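J.: Here it is, the structure in full.
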Amino acid sequence: MNRRAEIAHRCLLLANKEIARGWHLFELEAPLLAHAGPGQFVHLRTGSSTDPLLRRPVSIHYADPAAGRIRLLIRISGSGTALAARRKAGEELDLLGPFGRGFPFLDETAPALLVAGGIGMAPLFFAAVQRQRAGLPFEFFMGGQSDALLPPDEYFLAHGIAPLIVTEDGSRGGRGLVTALLEERLAGAVKPLRVHACGPAPMLARVAELARSAGVPVHLSLESRMACGVGACLGCVVHVNVDGKVEYRRVCRDGPIFDGEAVCFDN
Ligand SMILES: Cc1cc2nc3c(=O)[nH]c(=O)nc-3n(C[C@H](O)[C@H](O)[C@H](O)COP(=O)(O)OP(=O)(O)OC[C@H]3O[C@@H](n4cnc5c(N)ncnc54)[C@H](O)[C@@H]3O)c2cc1C
Ligand code: FES
1361 MNRRAEIAHR CLLLANKEIA RGWHLFELEA PLLAHAGPGQ FVHLRTGSST
1411 DPLLRRPVSI HYADPAAGRI RLLIRISGSG TALAARRKAG EELDLLGPFG
1461 RGFPFLDETA PALLVAGGIG MAPLFFAAVQ RQRAGLPFEF FMGGQSDALL
1511 PPDEYFLAHG IAPLIVTEDG SRGGRGLVTA LLEERLAGAV KPLRVHACGP
1561 APMLARVAEL ARSAGVPVHL SLESRMACGV GACLGCVVHV NVDGKVEYRR
1611 VCRDGPIFDG EAVCFDN
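Once you know that position 169 of the sequence shown is 1529 in our numbering, the rest is easy, because the numbers rise by one and skip nothing.
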């Protein structure tokens, strides 16, 4: 995690490639953002004007400090992301960041289980690449709706990664939810072990529950909706349990990664 250079950046978009239906991979020249770690995010102005006014949070999908480049992986889910997907190579993008605390303990030797639902794979892919390069053990579990809505195997293999994938309709890997893979893996697992997860809230709630019953520490990246992105509006707060008391935390400043033990999902 690194909080240097949390500033505005105008970055040249070098490439925008659709790698699965509605998933756009951006390559950007961004030397001041290329030191960011897995789990950190940028706040992106999706269009070329101030419409829409609010920026959208997007995880750093990959960063290469030597080349001064970063990648973002954007899945179209509404008007802002659809607008971003239409940006073309050669345009300048307006970004703020890097924001947030990254996934902790990525350099420890105990095996890491990386669990991603849908676009939740964006930051976990980066974590997997880091662990792969450092020769640290990890397993990468991914769930999605269907084959066409996930990047192809080659995308991962190009980085030496082979996630275990399941889809809800069974069109790729087994049929089912990624949490079922985790449940199977945690049954009788040898510790120490650590879980990192990112995806929709119901998935994260189940991941937290499974890790808690297995006695395995878990960190979750939460995808709250954001407005200011800098801790001022309180639009992104979540409830966490601190010593038996419920407290508020801002996902943009205090997260987006939280100890899964503490997050209150019933709110
Ligand atoms: C820390 C963080 C990192 C993120 N990283 C990525 C990333 O790497 N790639 C990516 O594609 N997306 C990422 N997201 C989610 C992305 O910010 C939202 O999909 C985007 O803001 C939606 O904007 P929109 O204008 O396209 O959709 P809107 O028109 O605003 O909404 C469209 C639909 O998406 C839902 N939605 C909006 N925001 C979110 C959200 N934050 N989480 C879940 N559902 C939402 C709305 O309820 C609505 O149903 C991240 C979110 C956070 C908080
Ligand atoms: S988005 Fe404004 S406080 Fe987090």
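Just so it is clear, CB atoms sit at the ideal spot from N, CA and C, and this is done for glycine as well. Since the structure is predicted, the reported quantities are computational estimates derived from the model, not experimental observations.
#1: With burial defined as no fewer than 16 other Cβ atoms inside 10 Å of the residue's Cβ, what is the status of Asn1628: buried or exposed?
#2: With a cut-off of 8 Å on the beta carbons, I'd call Glu1621 and Arg1572 a contact; round off their distance for me.
#3: Can you list, in chain order, the residues of its chain with a C-beta nearer than 6 Å to that of Pro1412? Leave out the 5 residues immediately preceding and following it.
#4: Compare the beta carbon distance of Gly1423 and His1395 with 9 Å and say whether it is the shorter of the two.
#5: To which residues does DSSP link Lys1605 through a beta bridge?
#6: Using alpha carbons as the reference points, say which of Gly1533, Ala1442, Ala1568 and Gly1575 lies closest to Asp1619.
#7: Please classify Ala1449 as buried or exposed, where buried requires at least 16 neighbouring CB atoms within 10 angstroms.
#8: Output needed for Ile1525: all residues of its chain with C-beta closer than 6 Å, excluding positions within five of it in sequence on either side, in chain order.
#9: Report yes if the CB atom of Gly1589 is closer than 9 Å to the CB atom of Pro1417, and no otherwise.
#10: Residues in its own chain within less than 6 Å of Met1361 by CB, not counting five upstream and five downstream?
#11: For the structure I just gave you, are there three or more beta carbon pairs, one from the segment 1368–1387 and one from the segment 1539–1555, closer than 8 Å?
#12: When the Cα atoms are used, what is the spatial distance from Pro1512 to Cys1596?
#13: Where DSSP assigns a beta bridge to His1421, which residues make up the other side?
#14: Nearest CA to the CA of Leu1496: which residue from Leu1484, Gly1504, Leu1570 and Ala1470?
#15: Enumerate in chain order the residues of its own chain whose CB-to-CB distance from Val1576 is below 6 Å, with the five nearest sequence positions on each side excluded.
#16: Does the distance from the C-beta atom of Phe1499 to that of Leu1373 stay below 9 Å?
#17: Helix or strand or just coil, what does DSSP make of Phe1486?
T.: For this structure:
#1: Only positions 1361 to 1627 of the chain appear in this structure, which leaves residue 1628 out of reach.
#2: Glu1621 to Arg1572, Cβ: 6 Å. Contact.
#3: Within the same chain, Pro1412 has close Cβ partners Gly1440.
#4: A small fix is needed here, since residue 1423 is Ala in this sequence, not Gly. One thing to note: Ala1423 has its Cβ within 9 Å of the Cβ of His1395.
#5: Checking the DSSP bridge columns, you'll see Lys1605 partnered with Val1602.
#6: Among Gly1533, Ala1442, Ala1568 and Gly1575, the Cα nearest to that of Asp1619 is on Ala1568.
#7: Here Ala1449 is exposed, its C-beta having fewer than 16 other C-beta atoms within 10 Å.
#8: Excluding residues within five positions, the ones whose Cβ falls inside 6 Å are Met1502, Arg1532 and Gly1533.
#9: In contact: Gly1589 and Pro1417 (Cβ atoms closer than 9 Å).
#10: Note that Met1361 has pLDDT 44, beneath the 50 cutoff, so the model's placement of it is unreliable and the number below is only indicative. Close CB contacts of Met1361 within its chain, under the 6 Å cut and outside five residues either way in sequence, are with Gly1397, Arg1461 and Gly1462 (chain order).
#11: No, the segment 1368–1387 does not touch the segment 1539–1555.
#12: Distance from the CA of Pro1512 to the CA of Cys1596, rounded to the nearest whole angstrom, comes to 32 Å.
#13: Paired residues: none, contrary to the question.
#14: Among Leu1484, Gly1504, Leu1570 and Ala1470, the Cα nearest to that of Leu1496 is on Ala1470.
#15: If we look at Val1576 and ignore the five residues flanking it on each side, its Cβ neighbours are Leu1553 and Val1555.
#16: The sequence given here has Glu at residue 1499, not Phe. In terms of Cβ geometry, Glu1499 and Leu1373 do not form a close pair [threshold 9 Å].
#17: Collapsing the DSSP output to three states places Phe1486 in a helix.
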